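The structure appears below as structure tokens.
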Amino acid sequence: MSEPTPLTPANELRASLTRDGFVRIPNAFSPSDLARFRTAAQHATARARAGEWPFVRTVPKQFPPWPHLLHPSMPAADRKVFAESYFGDVMVGAVTALLDCRRDDLVMELYNMLVCPPKDFALRWHRDDIGPDVPADVELERLGEPMMHAQWNLALYPDSSLVVVPGSHRRSRTEQERKADPYEDEMPGQVKVSMEAGDIVFYNNNILHRGVYDCKAERLTLHGTMGLSGADPARSRNILQHGIGDWAAECDFDCLPGHMATLATGMQRRLIGMGTGKEVGFSQQD
Ligand SMILES: O=C(O)CCC(=O)C(=O)O
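Given below as structure tokens:
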């Protein structure tokens, strides 16, 4: 592990995300931060495997609801570390650069962890918020909507589980993609997104993608999203379908350093402002 790489200029990050549908920020965290994140992630994994943490995302479930690392019942010491990884300057700096927004525009959204299960496992090809049966013209229209959030994977160990079709967030699926086996291993143009520990990959959640998990690799990857205030009801549903509206108001960020606590509380307030999300339904279901 080496010292963090200086951030790529914001316009280059945005251009890559717009063009390819994903962008990697290498070596974004200091070795000491990475070590703290790993320890918290290992605790959470061990607790989940021992049945002591019920909010896990289990295989083979592909679609929400997902658990949250900042849930009030997460033990306080680890919750603080996860909160720092989410609300800290590195992540918030990258998100404000990508969304070209101010810190005060941000909304707290989702945060969970991708861990390799005991057996090899793969998710189907999908777009997170556009179902497979949507006609091509509607698909294209949805893909043309402005980007009101950022989504990322932060790898705590080397990780090449995410597979994407670059550029597929800007067009409807080809006939071949529509007809492909949902678990197709050789989708034309697919790219395995390789990450080193400490890298963050931001990706458009509607890029055609899947996760392919090799159980021999130690995957501990933090998976999060942050939104922009003023998002439309579809984005609210996308977030609130995870049940976050039930407990968001109980989150207490007093444990964080002053500027981070202020930011976190503001982001929490804007999340609560979207409603509790009771009966919003799900954007896609297993
Ligand atoms: O495992 C991954 O990195 C992909 C996860 C994914 O596709 C999803 O959460 O929808």
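Per full-length UniProt numbering, the sequence shown starts with residue 1, numbered consecutively.
Quick reminder that beta carbons are idealized off the backbone N, C-alpha and C, glycines included.
Note that this is a predicted model, so its numbers are computed, not measured.
Cβ-Cβ distances below 7 angstroms link Ala150 to Val95, Leu98, Leu99, Phe202, Thr225 and Met226 in the same chain, with the five nearest sequence neighbours on each side left out; the list follows chain order.
In this structure, Glu196 lies away from Asn11, with their beta-carbon atoms at least 8 angstroms apart.
In the structure shown, Phe29 falls within a coil segment according to DSSP collapsed to helix, strand and coil. Going by C-alpha positions, Asp185 is about 34 angstroms away from Pro4. Taking a contact as a CB-CB distance under 8 angstroms, the pair Leu70 and Tyr86 counts as one, their CB atoms being some 7 angstroms apart.
Residue nearest to Gly144 within the set Ile130, Trp152, Ala83 and Arg36 is Ile130 (criterion: CA-CA distance).
DSSP, reduced to helix, strand and coil, places Phe87 within a helical segment of the structure shown. Taking non-hydrogen atoms of ligand 1 into account, the C-beta of Asp128 is found less than 7 angstroms away from one of them. The alpha-carbon of Ser160 is positioned some 30 angstroms away from that of Arg103. In terms of Cβ geometry, Ser229 and Gly275 do not form a close pair [threshold 8 angstroms]. A contact is defined here as three or more CB-CB pairs under 8 angstroms, and the segment 199-213 meets this definition with respect to the segment 152-168. By the criterion of a C-beta distance shorter than 6 angstroms, Leu271 is surrounded in its chain by Val107, Met108 and Ala248, once the five residues flanking it on both sides are discounted. Nearest in C-alpha terms to Met147, of all of Asn205, Arg269 and Leu263, is Asn205. In this structure, ligand 1 has no non-hydrogen atom nearer than 7 angstroms to the beta-carbon of Asn206. With respect to Phe29, Val90 sits close: the two C-beta atoms are nearer than 8 angstroms. Counting only the Cα atoms, Leu222 lies some 13 angstroms from Thr39.
Annotated as distal: Leu13 and Val115, with beta-carbon spacing of 8 angstroms or more. Secondary structure within the segment 101-154: the alpha helix (DSSP H) runs of 4 or more consecutive residues, fully enclosed, are 136-143 (chain order). Sequence-distant partners of Ile207 (beyond 5 residues in either direction) whose C-beta falls short of 6 angstroms from its own C-beta, in its chain, are Gly21, Val164, Ser168 and His169.
Secondary structure note for His169: it is in no alpha helix (DSSP H), with a DSSP letter that is neither H nor E.
Bridge partners of Asp185 according to DSSP: none are assigned.
Counting along the chain, the unbroken alpha helix (DSSP H) around Thr262 starts and ends at Gly258 to Ile272. In this structure, DSSP gives His43 a helical state, which the three-state scheme calls helix.
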